[in-house]
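Trainee: Residue numbers (this note's numbering), protein chains in the order written: chain A, 35 to 174; chain B, 280 to 393; chain C, -13 to 478; chain D, 9 to 331.
Note that beta-carbon positions come from the ideal geometry of N, C-alpha and C, so glycine has one too.
Submitted below is the structure of interest, expressed as structure tokens.
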Amino acid sequence: MNIIGLYNYWIVVVLMLIGFYIVIAHENLIKKLVGLTIFQTSVFFLYISMGKVAGATAPILDENYQIYSNPLPHVLILTAIVVGIATTALGLALVVRIYEAYGSIEENDIQVQDTHDRLECQLEAYGRQKPPTLFDQETN
Amino acid sequence: MDILLDILSWILLISGSFFTFTGAVGLFRFPDFFSRTHAASVTDTLGAGLILIGLMLQAGWGLVLAKLLLILVFSLLASTTACHAMAKAALKSGLKPLTYSDQENSAEETTSKH
Amino acid sequence: MTAHFPILQVIIPLFAAPLCLFLRIPRLVGVFAIFVSAAAFLISYGLLQEVITHGTISYKLGGWPAPWGIEYRIDTLNSFLLLLVSGVSTVVLLASLSSISRELPQNRHTYFYTAYLLCLTGLLGILATADAFNVFVFLEISSLSSYTIIAIGTDRRALAASYQYLIMGTIGATFILIGVGLMYMMTGTLNMYDLAERLPAVYKSKTVLSAFGFFIVGVCLKLALFPLHLWLPNAYAYAPSITTAFLAATSTKVAVYVLIRYIFSVFGIEFVDMSLPLGDIFLILGLVGIFVASISATFQLNIKRLFAYSSVAQIGYIILGLAIETQLGITATLLHLFNHALMKAALFLAIGAVFYRIGSAQLNHYAGLGKKMPLTMAAIVAGGLSLIGVPLTVGFVSKWYLVVALLDKGWWPVAVLVLLSSLIAVIYVWRVVEWVYFTPPRIITEEVKEAPLSQLIPIWMLVLANIYFGVDTRLTVGVSKLAAQSLFGVNL
Amino acid sequence: MLLSFLALTAIAITRMGDLFAVVMLSGIYSLLSASLFLDLDAVDVAFTEASVGAGISTLLFLATLKLVPRYEKKSRYKPALALGVVIVTGALLIYGTLDMPHFGDADAPVHQHVAPRYLNDSINEVGLPNVVTSVLASYRGYDTLGEVVVVFAAGIGVMSLLMVSQRTKARALTKVPADMQHQIILRIVAKMMLPLILIFALYVQFHGDYGPGGGFQAGVIFAAGIILYTMLFGLSLTQSVIKPVFVEMLTAFGVLLYSGVGIVCMILGGNYLDYDVLSHDPVHGQHLGILLIELGVGITVAAVMITLFFKFTWRTVKHKYNQ
């Protein structure tokens, strides 16, 4: 019984994890955003599942029905979906600009270019006045 | 009368499902893009269309019937146009249909439709 | 009208932001934004007075009673922070008029101010609300607009930084969403105070525990607690100066507020003690964060990055105060929240003023600026001293309270470590001083003049506030104590 | 069954290197989710997910793919650390599910505490059959305002990030023809469909009180109609019909309308967004308030979506022109 009652949630958890994995493991900026969408959509399932009542119908009042599912999670998720698309849109705009500026949408390439920039600044700073005693160890 | 309608609608539903199924099989089994598009469009038109008509027979007179009718009209319009656009885009981007010389004779009839 | 203060506070910037798009004349929009922010500041001052004299204010949005509708609830803690956020925002905006015209193309100004006001709306909304889901919505308002004001500049690295922040921030927000969902699942309510009443019945449940876990991790991502801070240094370093000053002073502070609010008012300290060694986790992460970030700061060449790392370190101090879990500790945390906002705003504004003149934030370009821009540089030094915690500055007050709280708890090794870490702060502030005062000026900087008055005034307002609140601690300490008391009072 | 489909799609997405396919799959994922939402009685959510998730978001992804490389670079990503984080998260989640009320259980706390009032009293207090709309627009109307502001904020973000100067626009337009000038069938069908789409959007907008639908969905559908038109007839023609500046103003106008309704409520003596005071009869006031704010939502959402599409398309035109 325990297994059946929770089965639905477990699948949702698996979906969330797949999305989450895409976000953190992949280098491609667009793919990260797709992963983010999957991650968020899966969280929506968590909410909607908890609002479901067995044998109920959609929460639109009608004389023919007595039991309705819980409307509150639906409202929250409506909000969350719209927030999700807003984030995606902004993220995509950033990706477009990043590609124009760096010529790549792979996280690695971008980091390499950034580090390169920073090292050049350091050379300029210490090149003439002081030897470079301390290097920036930071790699992120 | 009711039973007649019921039987008719079930026939339609089942044949619709059959076409949907063949469409899906075709999508996987056909050799090139254009023949696959053909299979997919069968799903959209014949499959979905028959199922919708079957459902309409089940629905009886009312708002639901009208809605199903609208869905039918729109899906016919939209999916055929989309298929057309897709095939055209593929052709434009340089994808050539398979011909006799590439493949055995079975490919010919599917490709010539487009 | 006073009855509507809690909502007006948030609604004024919210309503003003879209109006900006209609005004369209950049300068006008800037002035308009200043007035809007000042109005929010005045209202929050009124609110603080009201709360101190009459106690907690509750406001029912839409006229619906609390668990059904959304409630705004203002008490000492959040009115104090509302005052801080709107105040800092106003001062920063004063400096923005000239600074923005230097750093942004003309046609982006309107968008900048719109996004800025939206960000302010979001932050104020998070502070004022008593509804768990509403926090998520306003968090997203402030986050989305802060991604915008970070990326809006001309530095390409800001784009990548903003993207990184977007990913991390959205993961954080989604974790918060999961946390809220699980809490809702167990209690059936979203109102914080209703949650606080209903949660004890299900304290033992594993679901509540994981809800708590998700919520905390989500918020910690937002407040850039070590090791979840990776987005912060880049975002602060490459954003326009005004953005940096504003966000550094406010956005992480608001996240800390959410953390405090949930730990103390919603879950309750007993639950936290019972379920997780959160105090120890925070203690360790706070300490490691302080040291790692401070040491990283000493290696930075970009002065904005330097102080961004120092921000991460300061978050460590703030979390340390939380880890103590005593009234004194919370007082120290709140004090440091307030004080750190003052000093970072002053510092980043001063850096912005330098950028206005020399167009760079590289430390080596600061060579010899001590003579050219004496007032601005004096402000940077004052801010730096405050960061170290020299007496007569605000930094001293909060570190003093932190150390006292640590000793009171009996954690004297930690107190020693805190004092030691101040030494690292001395190192990185000294590096700045060395470049500014003890290096011969470069040829390019020959022509540099003092920063314009429109920037000096806000900078020195903040610096004087730094010194004033370092000497006269009645207001800040009083309010922090009151807030800490009320936090512990709720759970008794 | 649907859930397994979803899982399969998600796994396919992780494996694919072709971003175009990834985006299409994510559209399929959204559509499957929408069916699942429908199955779980969340009709409004299903509607929104289908129009927003499967429609607009796929469209935006495709618009971006026109501007960036289509294939993911195979690189050595660090699956060990990522897997670790994911497994910890998953463990925490699974651990959390152990004490959850069972799926579909009517006695779960969720159904006992706050929700019953919405289901039992909203018909008297707000007077709408669609409880989701009542809660969305009235009980938790402030959240919805926040959500409109989020959309607006995203709109502002994209506007500021993807600006194209007037000069480039004027010059580019003379050189770059619309993509689909030659698609005659498409154009004719689209011309037939467009008015119907717009009418459908209006229906969804104003029927949201009684059935699934409302400002968001309507806004998105309306925008989809305009976007369809833009894709087929070119930017310049669309922009001579709908001025971009005007659309930008509209994004702001929707937010102003929504928050303005709240302020009017305050002036009339109620709390913020307390529609009861808008009319002598509370239920009538609620109706009026909800109508207005849904309109505000619809306007902002539609305007933002159209603006987003314009901005992305302009970027594409600019790139082509520069080449």
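1. Listed from N- to C-terminal order along the chain, which residues in the stretch 156 to 170 of chain D have their beta-carbon within a distance smaller than 8 Å of any beta-carbon of chain C?
2. Pull up the CB-CB distance for A369 of chain B and F312 of chain B, whole angstroms please, since I reckon it's below 8 Å.
3. On the three-state DSSP scale, how would you describe Q348 of chain C?
4. Just to make sure I have the definition right: I need the residues of chain D whose C-beta is within less than 9 Å of the C-beta of P12 of chain C. Which are they?
5. Along the stretch 129 to 143 of chain C, where does the CB come closer than 9 Å to a CB of chain A? Name the residues.
6. Any beta-carbon of chain D closer than 7 Å to the one on F54 of chain A?
7. Roughly how many angstroms lie between the CA atoms of L46 of chain D and L40 of chain D, to the nearest whole one?
8. Please name the residue or residues paired with E57 of chain C in a DSSP beta bridge.
9. For G108 of chain C, is the classification buried or exposed, using 16 other Cβ atoms within 10 angstroms of its Cβ as the cut-off for buried?
10. Any C-beta of chain D sitting closer than 7 Å to the C-beta of T360 of chain B?
11. Could you tell me the alpha carbon to alpha carbon distance between S372 of chain C and K328 of chain D, rounded to whole angstroms?
12. Please classify L283 of chain B: is it buried, with 16 or more other beta-carbons within 10 angstroms of its beta-carbon, or exposed?
13. From C:G265, C:I366, C:T96, pick the residue whose C-alpha is nearest to that of P12 of chain C; which is it?
14. Just to confirm, does I56 of chain C get its C-beta within under 6 Å of one of the non-hydrogen atoms of the ligand GDP?
15. What residues in its chain sit with their C-beta under 6 Å from that of F320 of chain D, if we drop five residues either side in the sequence?
16. Looking at S191 of chain C: is its Cβ nearer than 7 Å to the Cβ of M172 of chain C?
17. Nearest by alpha-carbon distance to T175 of chain C: which of D:R125, D:L16, D:G306, D:D52 is it?
18. Between the C-alpha atoms of V166 of chain C and V449 of chain C, what's the straight-line distance to the nearest angstrom?
19. Examine chain D for any beta-carbon lying closer than 7 Å to the beta-carbon of A364 of chain B, and answer yes or no.
20. So within the stretch 130 to 184 of chain C, which uninterrupted alpha helix (DSSP H) runs reach at least 4 residues, ignoring any that extend past its ends?
21. Of all the CB atoms in chain D, is at least one closer than 7 Å to the CB of N104 of chain A?
22. So, with DSSP's three-state summary, where would you put I11 of chain C?
23. At a CB-CB cut-off below 8 Å, which residues of chain D make contact with R59 of chain C?
24. Based on DSSP bridge pairs, tell me the residues matched to V333 of chain D.
25. Could you check whether G16 of chain C and L83 of chain C sit closer than 7 Å to each other, using their CB atoms as the reference points?
26. Around the C-beta of I192 of chain D, are 16 or more other C-beta atoms found within 10 angstroms, so that it is buried, or is it exposed?
27. Quick one, which of D:S65, D:A114, D:A99 has its alpha-carbon nearest G89 of chain A's?
28. With distances taken between CB atoms, is the gap from L347 of chain B to L331 of chain B smaller than 7 Å?
29. Does the Cβ of T(-12) of chain C have 16 or more other Cβ atoms within 10 Å, making it buried, or fewer, making it exposed?
30. Hey, how far is the Cα of Y423 of chain C from the Cα of G354 of chain C?
31. Rounded to whole angstroms, what is the Cα-Cα separation between T312 of chain C and F66 of chain C?
32. Check for me: the alpha helix (DSSP H) holding Q92 of chain C runs from which residue to which?
33. Report all residues from its chain with a CB closer than 8 Å to the CB of V129 of chain A; omit the five preceding and five following residues, and keep chain order.
34. With a cut-off of 7 Å, does the C-beta of M154 of chain C fall near any C-beta of chain A?
35. Does the stretch 215 to 230 of chain C come close enough to the stretch 144 to 159 of chain C to have 3 or more Cβ pairs within less than 8 Å?
36. Please name the residue, chosen from C:I305, C:A364, C:Q441, C:L273, that lies closest to S407 of chain C on a Cα-to-Cα basis.
Mentor: Checking against the coordinates, here is how it stands:
1. V157, V158, F160, A161, A162, I164, G165, M167, S168, L169
2. 6 Å
3. strand
4. Those within 9 Å of P12 of chain C in chain D number zero; the least Cβ separation is about 13 Å.
5. S129, L130, Y133, T134, A137, R142, R143
6. yes
7. 10 Å
8. C:K46
9. buried
10. yes
11. 53 Å
12. exposed
13. C:T96
14. The model on display carries no ligand, and the ligand GDP is accordingly not part of it.
15. A71
16. yes
17. D:R125
18. 40 Å
19. yes
20. 142 to 173, 178 to 184
21. yes
22. coil
23. By Cβ distance, chain D contributes nothing, its closest Cβ being about 14 Å from R59 of chain C, past 8 Å.
24. Since the first residue of chain D shown is 9 and the last is 331, residue 333 of chain D is not available in this structure.
25. yes
26. exposed
27. D:A114
28. yes
29. exposed
30. 6 Å
31. 20 Å
32. No alpha helix (DSSP H) holds Q92 of chain C; DSSP gives it neither H nor E.
33. L63, I64, L67, I139
34. no
35. yes
36. C:L273
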